[in-house]
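Shown next, in structure tokens, is the structure this report addresses.
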Amino acid sequence: MSKILFTHSYFYRFDPKQWKAKQPYPPLGTLYGAAYLRSKGYEVSLFDTNLKKSPDEIVRVLNEENPKYLVIYDDGFNYLTKMCLTNMREAAFRLTELGKKAGCKVILSSSDSTDHYGIYLANGADYVILGEAEVTLCKLINNLEDGNNDLQNVLGLVYISNQKEINTGRRDILKELDSIPMPAWDLVDINSYKNIWLENHGFFSLNIATTRGCPFKCNWCAKPIYGNRYNTRSPENVVEEIMQLINNYSVDHFWVCDDIFGLKPGWVQRFRNLVRDKSLKFTYKIQSRVDLLLEEDTIDALAESGAETVWVGAESGSQKILDAMDKGTTVEQIHSATKLLRSKGIKTAFFLQFGYPGEQKEDIQKTIDMVLELLPDDIGISVSYPLPGTVFYEKVKDELKTKANWTDSDDLAVMFRSTYPPEFYKKLHRYVHKVYRKKQGINTIKNLFRKPTTINKRKLRSALLTFYYIPTSIIDSIKLKRLENTS
């Protein structure tokens with residue numbers, strides 16, 4: 000069997016915000032692809048770009064291993080790769096160029112290449128896989144190995160033949176996820192990740208996925224890989240992987256990177272029972288929706304199975320904006336879910352976005368007020384980003400003139416006509432973080448006066464930073480007012 004080298008186009012160093020956070024996760028989607036091809040008898044290897052400095056570092060591996068195929072993923076389980084980051088697109092182009100120079104057939108699988116396959120073909124890719132990759136990739140390589148270059152019967156491909164673009168259409172996504180081999184964790188230098196986590200956070204976290212897809216239809220959210228179908232692994236299958244990772248790598252914590260965790264009725268309860276029966280000790284964080292977190296039995300099962308943090312797509316404190324997004328949730332549900340999670344000892348974190356079309360000053364203030372009232376344990380702030388294939392994108396695509404992608408995840412440029420100028424939203428991002436941290440710090444100071452014996456390094460730092468956030472948030476407030484008046 001011919002040798003296949005897997006790689007991917009995400010470089011933490013090219014995304015300064017994420018590199019600074021020092022919370023790297025292995026390329027899970029890539030590891031699934033490698034495991035699947037290996038299970039079919041192919042010899043596979045991995046060039047993991049995550050912690051590398053440059054795409055050019057792949058040259059040594061190409062020369063040493065002489066693979067016939069170079070498969071370039073983005074990581075379909077990392078929410079950052081749903082958006083095209085220009086730095087990563089250019090990295091994919093460079094990896095493609097180097098693969099071609101080494102004589103490889105180059106195959107692309109990513110959200111961006113699914114949306115913009117023509118760009119990748121023009122930059123040298125031999126084949127682009129549309130959507131979920133494993134089965135299509137295997138059938139493609141099977142055909143090529145058999146000398147069959149007529150690939151029109153292989154669903155899920157785009158390629159050039161006789162100077163014509165051939166698109167074979169989308170393949171149905173996998174439904175029986177337990178049938179997929181576990182990710183090829185052995186291909187990763189786990190210690191390089193583990194050392195960063197232990198040195199910076201004192202524990203080790205790995206990423207796992209229990210589902211694929213999301214059935215909800217928020218009009219700004221794209222699903223180019225797994226679509227609107229929601230398929231899940233069994234709790235038994237997930238717990239088996241968790242046990243392997245704990246035993247092999249001493250993992251303390253997991254990021255469950257599903258779009259929606261535990262949607263299937265009874266799943267979380269079965270998961271809790273298995274974790275308890277096997278006496279497993281770990282914590283984990285998930286992403287969910289506030290309307291799914293209002294059942295006390297579900298929250299109890301999350302808490303009892305080790306859930307430490309739940310990130311929810313709060314998005315806005317304005318019901319008008321939530322409705323405009325087709326979010327399907329209410330501000331009241333955000334309040335209720337936050338309070339219920341907190342009552343069970345689970346931390347709550349909010350994804351927020353500003354700049355959605357129609358958002359006015361009063362909507363922004365409602366979001367800020369909600370954050371300061373509920374004071375979640377963490378927040379992640381973005382501005383509305385038009386992803387191809389969404390209703391939102393169709394509304395604003397004609398306005399995407401000079402810029403249609405962010406350079407990295409901290410770019411935060413508003414790329415369409417918005418209520419305020421782009422500079423306003425960048426300043427708003429900083430301002431909201433500061434008033435939020437200020438409120439947290441004030442609460443910490445009050446609690447330390449009440450219970451001085453509870454002081455620790457984290458609380459002391461939060462208290463001291465309050466005296467930075469107080470004046471700087473006032474300054475940012477003044478600057479925001481000036482930018483508001485220039486719109």
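So that you can map any letter, position 451 of the sequence shown is 450 in numbering that gives the first Met the number 0, and since no number is skipped, the others follow by simple counting. Glycine residues also receive a C-beta, built at the ideal position from the N, C-alpha and C atoms. These numbers were taken from a predicted model, which means no experiment stands behind them.
The region 339-379 is shown to contain whole beta strand (DSSP E) runs of 3 or more residues at 346-353, in chain order. Residue 476 and residue 483 have their C-alpha atoms spaced approximately 10 angstroms apart.
Assignment of beta-bridge partners to residue 280 by DSSP yields no partner. Between residue 225 and the set 213, 235, 219, the nearest pair of CA atoms involves 213. Residue 293 counts as exposed, since fewer than 16 other beta carbons sit within 10 angstroms of its beta carbon. Taking a cut-off of 8 angstroms for Cβ pairs, the region 35-44 and the region 137-152 touch, as three or more such pairs fall below it. Here residue 345 has 298, 301, 302, 306, 307, 308, 309 as same chain residues with Cβ atoms under 8 angstroms from its own Cβ, once five neighbours each way along the sequence are excluded.
In the DSSP annotation of this structure, the continuous segment of the beta strand (DSSP E) that includes residue 108 starts and ends at 104-108.
Shortest Cα-Cα distance from residue 354 to any of 197, 323, 331, 373 involves 323.
In the DSSP assignment, the residues bridged to residue 5 are 45, 70. Rounded to the nearest whole angstrom, the CA to CA distance from residue 166 to residue 414 is 30 angstroms.
By the Cβ-count criterion, residue 52 is exposed, with fewer than 16 other Cβ atoms from all chains shown falling within 10 Å of its own Cβ. The three-state secondary structure of residue 477, taken from DSSP, is helix.
Just measuring C-alpha positions, the residue of 155, 171, 124, 217 sitting nearest residue 389 is 217.
Buried is the label assigned to residue 433, since at least 16 other Cβ atoms lie within 10 Å of its Cβ.
Among the bridge pairs identified by DSSP, residue 253 is matched with 205, 283.
Less than 8 angstroms separates the beta-carbon of residue 103 from that of residue 69.
Residue 420 and residue 155 have their alpha carbons spaced roughly 40 angstroms apart. Measuring C-alpha to C-alpha distances from residue 2 to each of 200, 272, 65, 360 identifies 65 as the nearest.
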